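For the numbering used here, add 781 to where a residue sits in the sequence shown, where the first one is 1.
Glycine is no exception: its CB is placed at the ideal position from the N, C-alpha and C atoms.
Just so it is clear, the structure is predicted and the values come from calculations on it, not from any experiment.
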Amino acid sequence: MVDDVALVVGLGNSGPKYEGNRHNAGFLVLDELAARVGGKFKAHKGGAEVVEGRLARRRVVLAKPRGYMNTSGGPVAGTAKFYKTPPSSIVVVHDELDLPFGVVRLKLGGGDNGHNGLRSITKSLGTKDYHRVRFGVDRPPGRMDPADYVLRDFSTVERKQLALELDRAADAVEALLELGLEAAQNRFH
Numbered sequence: 782m783v784d785d786v787a788l789v790v791g792l793g794n795s796g797p798k799y800e801g802n803r804h805n806a807g808f809l810v811l812d813e814l815a816a817r818v819g820g821k822f823k824a825h826k827g828g829a830e831v832v833e834g835r836l837a838r839r840r841v842v843l844a845k846p847r848g849y850m851n852t853s854g855g856p857v858a859g860t861a862k863f864y865k866t867p868p869s870s871i872v873v874v875h876d877e878l879d880l881p882f883g884v885v886r887l888k889l890g891g892g893d894n895g896h897n898g899l900r901s902i903t904k905s906l907g908t909k910d911y912h913r914v915r916f917g918v919d920r921p922p923g924r925m926d927p928a929d930y931v932l933r934d935f936s937t938v939e940r941k942q943l944a945l946e947l948d949r950a951a952d953a954v955e956a957l958l959e960l961g962l963e964a965a966q967n968r969f970h
């Protein structure tokens, strides 16, 4: 990643109703990163709640788009424009159905794999070429609709491990910022 201000975006749905949902894994990882920089999220005119600080020896802006997952693109693009952050310096942390619970994978670009938050961001930025930190939430059981599954809270068993897994995902974000994609992938894959 280049030396611009890094914009680290966590995806989720705003409001207490959604706080413990699988779909809010990105918000939960950002909460851990905000604790590491010693900041509290504050409303920003770009349409997100933000914390400014330093991580991995870089200036970072942590951002949680306000509103709903499906409309994340506008706030991400607005915040990136305000901070003059190019897509190559944007990291999006999101839930991933195709990974087992707690597994973390990093990548640059790619499709949205049916994830409406990613689809919205790609459309608003005009490119798929931004970094992603994918946090596994596993597939829904049986024939449960994936949309219903991601809007449910983590299970009791998952919650026992959640803090550790979120900490590990935050470590992956820091490694990506400090070491670059390939070295971070080698460490976390």
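Runs of 3 residues minimum, wholly inside the segment 835-882: which ones carry the beta strand (DSSP E) assignment?
Complete beta strand (DSSP E) runs here, min 3: 839-846 and 871-877.
How far does the beta strand (DSSP E) with Phe916 in it extend, from its first residue to its last?
The residue given as residue 916 occupies position 135 in the sequence shown. Taken as a continuous stretch (DSSP letters only), the beta strand (DSSP E) holding Phe916 covers His912 to Gly917.
State the start and end residues of the unbroken alpha helix (DSSP H) segment that holds Lys904.
Your numbering for residue 904 matches position 123 in the sequence shown. From DSSP, the alpha helix (DSSP H) with Lys904 extends over Asn897 to Leu906.
Between the beta-carbon of Val918 and the beta-carbon of Ala806, is there less than 8 Å?
Indexing the sequence shown from 1 puts residue 918 at position 137. Indexing the sequence shown from 1 puts residue 806 at position 25. Yes, these two residues count as a Cβ contact at 8 Å.
Less than 8 Å between the beta carbons of Asp876 and His804, yes or no?
For the purposes of this step, residue 876 is taken as residue 95 along the sequence shown, with counting starting at 1. For the purposes of this step, residue 804 is taken as residue 23 along the sequence shown, with counting starting at 1. In contact: Asp876 and His804 (Cβ atoms closer than 8 Å).
Please check the pair Val810 and Leu947, which I expect to be a contact at CB under 8 Å, by giving their CB distance rounded to whole angstroms.
Within the sequence shown, the letter at position 29 stands for residue 810. Within the sequence shown, the letter at position 166 stands for residue 947. Yes, Val810 and Leu947 are in contact; Cβ-Cβ is about 6 Å, under 8 Å.
Using only the alpha-carbon positions, how far apart do Thr908 and Arg900 sit?
Counting from 1 along the sequence shown, the entry for residue 908 is found at position 127. Counting from 1 along the sequence shown, the entry for residue 900 is found at position 119. Cα to Cα, Thr908 sits roughly 10 Å from Arg900.
Using CA atoms only, rank isn't needed, just tell me which of Arg847, Asn897, Gly895 and Phe969 is closest to Pro797.
Translated into positions along the sequence shown, residue 797 becomes position 16. Of the listed residues, the one whose Cα sits closest to Pro797 is Arg847.
In chain order, what residues of the same chain lie with their CB nearer than 8 Å to the CB of Gly820, ignoring the 5 residues before and after it?
As a working note, residue 820 is residue 39 in the sequence shown. Closer than 8 Å at Cβ, skipping near neighbours: Val832, Glu833, Gly834 and Leu843.
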